[in-house]
Amino acid sequence: MDFDLVASIFNPILMDSQKISLYRVKMDDLSVEFKEKIATVLSQTDWVTINHLSHPKTRQKLILSRGLLRLLLSHYLRIKPKVIKLAINPWGKLYLPNHALQFNLTHSGCYLVFALSEGYSVGVDVEQIRPLQCPHRLTQRYGTPTEQTHWQTLAPPAQQRYFFELWVAKEAYAKALGTGLTGTLGQFSGLETWDRTEIAPPGGWPAQLWRFTVADDYVGAVCWGITPGADASTPVQTQSVDHFPPGFH
Numbered sequence: 001m002d003f004d005l006v007a008s009i010f011n012p013i014l015m016d017s018q019k020i021s022l023y024r025v026k027m028d029d030l031s032v033e034f035k036e037k038i039a040t041v042l043s044q045t046d047w048v049t050i051n052h053l054s055h056p057k058t059r060q061k062l063i064l065s066r067g068l069l070r071l072l073l074s075h076y077l078r079i080k081p082k083v084i085k086l087a088i089n090p091w092g093k094l095y096l097p098n099h100a101l102q103f104n105l106t107h108s109g110c111y112l113v114f115a116l117s118e119g120y121s122v123g124v125d126v127e128q129i130r131p132l133q134c135p136h137r138l139t140q141r142y143g144t145p146t147e148q149t150h151w152q153t154l155a156p157p158a159q160q161r162y163f164f165e166l167w168v169a170k171e172a173y174a175k176a177l178g179t180g181l182t183g184t185l186g187q188f189s190g191l192e193t194w195d196r197t198e199i200a201p202p203g204g205w206p207a208q209l210w211r212f213t214v215a216d217d218y219v220g221a222v223c224w225g226i227t228p229g230a231d232a233s234t235p236v237q238t239q240s241v242d243h244f245p246p247g248f249h
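The opening position of the sequence shown corresponds to residue 1 in the working numbering, with each subsequent residue numbered one higher.
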C-alpha cells in the first residue's frame, strides 16, 4: 500500500479552532483496489456488525467508513488499525475506552467526514441538500417557533438549505453529547449564522459549534465541548495526517 496515497485520501477541512481536526474523504475517488484493501483492517467485532446488514450498499459503506476510521485512528494512536479497541455507548456512539482521543464520523452522498480531538467530546454531521417529503412537518417537529417562522418566509430552494443547516447543527450537538437526537432538536436555536457560536439548550450542556461545507450542495457542522464531568484543563493536542505507520493489514 502506498502510504502517501493513503494520506492524500484524508483531506483536511480548515477551521478556526486548534481544538478539532476535521478530514473529508470523497468515496467516489477511492479505487476498487483500495476499497478491497481497507476491508483487511477490520476487526472480528466489526464484521459481526457488518454481517447483520442485508443491503449490499449499506454493508460496503460501513466497511469503508469503519476501515477508514481505523486507518485514521492508527495515525494518532501509533498502532496497527486492526488491533484498535473500539467500544459503543448505549446510544450507538463509538469511542476509545480509557483514552483522551475523541472522534466522530458522518457520511452523506459521496462524502465521509471525520472529526477528532483530545480532551473534547466531539460530534459532526454532514448532509447533501436534497428535496424533502413533507418539509413543513419536519420543520415543525425539529425547529423552534422562531426557526419555523423564518422557514416560512423562504422560497422552496432556500427552505431546503435552511432545514439542513439547522439539522446538521443540532445533530452535531447531539452526537457530541453522545446521547442521540431524542428530545434535543427542538430545544435550542440561535443557529441562523454560519459563524462559530456557542450553543446549548436551556439548562443544557454548553458547546462550541462551527459550520463547514465539503461541496456546493452539502452543509456540515461540528460541535465540541468539555466532556460532562471531565477536567476543563485537559490539554488539547492535534496533528495533521502526514504519514501512516507500517502495518496496514
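Backbone N, C-alpha and C define an ideal beta-carbon position, used for all residues, glycine too.
Three or more Cβ pairs drawn from the segment 121-132 and the segment 169-181 lie within less than 8 Å of each other, which places the two stretches in contact.
Look at the beta carbons and you see the segment 136-152 not touching the segment 80-95: under three pairs across the two are nearer than 8 Å.
For Ala174, the uninterrupted alpha helix (DSSP H) run begins and ends at Pro156 to Leu177, by DSSP. Between the C-alpha atoms of Leu177 and Lys37 there is a straight-line separation of about 33 Å. Residue state for Lys85 is assigned as coil, using DSSP reduced to three classes.
Among the bridge pairs identified by DSSP, Asp125 is matched with Ala221. Distance from the CA of Leu105 to the CA of Val113, rounded to the nearest whole angstrom, comes to 6 Å.
Here the segment 128-139 does not lie against the segment 43-54, with fewer than 3 beta-carbon pairs under 8 Å apart.
In the structure shown, His75 adopts helical secondary structure according to DSSP, grouped into three states.
Excluding the 5 residues flanking it on each side, Arg59 has same chain C-beta neighbours closer than 6 Å at Ile50 and Leu53, in chain order. With a cutoff of 7 Å on beta-carbon distance, Ser21 and Leu116 are scored as near each other.
Where Trp210 is concerned, the enclosing beta strand (DSSP E) starts and stops at Ala207 to Phe212. The beta carbons of Phe164 and Val219 sit closer together than 7 Å.
With distances taken between CA atoms, Trp47 lies nearest to Lys82 out of Asn98, Gln140 and Lys82. For Thr106, the secondary structure class from DSSP, reduced to helix, strand or coil, is strand. Ranked by Cα distance from Ser108, the first of Ser74, Arg141, Leu68 and Met27 is Met27. When the five nearest sequence neighbours on each side are left out, the beta carbons in the same chain lying within less than 8 Å of the beta carbon of Leu132 are those of Leu138, Gln160 and Phe163, in order along the chain. With at least 16 other beta carbons inside 10 angstroms of its own, Leu72 counts as buried. Residue pairing by DSSP places Ile226 opposite Tyr120 in a beta bridge. When only Cα atoms are considered, Tyr111 and Ile226 end up about 27 Å apart. Beta bridge pairing from DSSP links Ser21 with Leu116. Cα atoms of Leu166 and Gln128: separation of roughly 13 Å, rounded to the nearest angstrom. Nearest to Ala7 by alpha-carbon distance, out of Ala207, Ile79, Tyr23 and Pro157, is Tyr23.
It is roughly 12 Å from the alpha-carbon of Asp217 to the alpha-carbon of Ala158. Looking at the DSSP output, Tyr111 sits in a beta bridge with Lys26 and Ser108.
Collapsing the DSSP output to three states places Pro12 in a strand.
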